[in-house]
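Below is one structure, written out as structure tokens; comments come after it.
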Amino acid sequence: MGNGGRSGLQQGKGNAEGVAATPTAASASCQYRCIECNQEAKELYRDYNHGVLKITICKSCQKPVDKYIEYDPVIILINAILCKAQAYRHILFNTQINIHGKLCIFCLLCEAYLRWWQLQDSNQNTAPDDLIRYAKEWDFYRMFAIAALEQTAYFIGIFTFLWVQLPMTVKEKPSFILLLKALLLSSYGKLLLIPAVIWEHDYTPLCLKLIKVFVLTSNFQAIRVTLNVNRKPCFLAVLSGLLLESIVVYFFQRVEWDVGSDYAIYKSQDF
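The sequence shown begins at 58 in the numbering used here and counts up one residue at a time.
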């Protein structure tokens with residue numbers, strides 16, 4: 058098989074027979090997972106001489122542990138956008154991705170920019186230029202802080218529900234660190250906020266609704282894949298996160314730290 062689509066997996070050292078394999082579970086930070094049945098696996102493939110790969114077969118379902126290791130990254134991304142569980146397992150368990158923090162900051166910057174853009178578009182200020190620049194800069198920082206606090210409340214709502222609910226339904230203790238990384242990665246849909254501002258004006262509310270639904274769907278799938286539970290607790294966890302986020306939004310509106318009625322178009326998308 059070709060070696061054109063290993064999706065960032067590092068090739069292991071060769072053994073005495075000249076065969077290389079992915080790092081085993083003992084040497085990796087966590088075990089690999091079969092993307093079909095979610096069973097643990099010690100390796101994903103073996104690389105024989107001259108770039109010939111042999112994908113490991115899962116002992117449980119008798120299917121390739123991870124077929125995506127020879128797929129082009131664009132195909133993997135398309136499958137992730139379609140919220141396929143196999144693609145999510147490949148990304149979360151079988152690849153080495155460490156952009157969670159950077160992606161979170163960038164998504165918050167995109168969201169803060171959208172809120173700041175809507176605020177500036179609605180304001181008609183006749184103050185001196187220096188005061189305008191200072192006010193605009195402060196407004197952007199304020200929008201970033203609000204977006205960060207709302208996302209934090211959303212995550213706290215999800216984790217609180219799962220912390221209470223999951224011990225009753227699962228035997229193994231869930232990894233909330235892995236779940237946090239999965240939620241941060243699955244929130245990549247917020248990056249679409251910038252094109253929504255740049256390329257259209259009349260249909261901004263509709264675009265924001267679609268982006269919100271896509272992010273929530275991705276978060277739902279990330280919880281389901283990471284914890285390997287059924288759909289009901291995942292759906293309730295997302296609802297719990299939205300409820301706590303809505304409470305924080307209401308609090309900001311009450312203390313008038315939000316942008317008031319000028320910001321109502323965006324907040325109406327938070328259901």
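From the three backbone atoms N, C-alpha and C, an ideal C-beta is built for every residue, glycine too.
Segment limits, beta strand (DSSP E) that includes residue i
i	result
L110	V109 to I112
Per-residue DSSP class, three states only, for residue i
i	result
D104	strand
E97	strand
Y89	strand
E127	helix
Start-to-end residues for the alpha helix (DSSP H) that takes in residue i
i	result
N155	Where N155 is concerned, there is no enclosing alpha helix (DSSP H), given that its DSSP letter is neither H nor E.
P130	P130 to I138
L237	F233 to S243
Sub-9 Å separation of residue i and residue j beta-carbons
i	j	result
F163	L248	yes
R288	F271	no
V122	Y170	no
F233	L242	no
L273	L250	no
A205	E302	no
K124	I112	yes
L330	F197	No answer is possible for residue 330: the residues shown for the chain start at 58 and end at 328.
I126	L149	no
E207	V306	yes
N151	I114	no
N95	R146	yes
V286	L223	yes
S53	G298	The requested residue 53 does not occur in the structure, where the chain is confined to residues 58 to 328.
I154	F309	no
Chain D contact for residue i (CB, 9 Å cutoff)
i	result
S232	Any reference to chain D falls outside this structure, which holds one protein chain only.
Along the chain, which unbroken stretches of the alpha helix (DSSP H) at least 4 residues long are found entirely within the region 285-312?
288-311
Counting Cβ pairs, one atom from each stretch, are 3 or more of them under 8 Å apart for the region 279-297 and the region 207-220?
yes
Contact between the region 136-148 and the region 275-285 is defined here as three or more beta-carbon pairs at a separation below 8 Å; is this criterion met?
yes
With a threshold of 8 Å, are at least 3 pairs of Cβ atoms found where one atom belongs to the region 160-175 and the other to the region 124-133?
no
At 4 residues or longer, and completely inside the region 198-222: list those alpha helix (DSSP H) runs for me, N to C.
none
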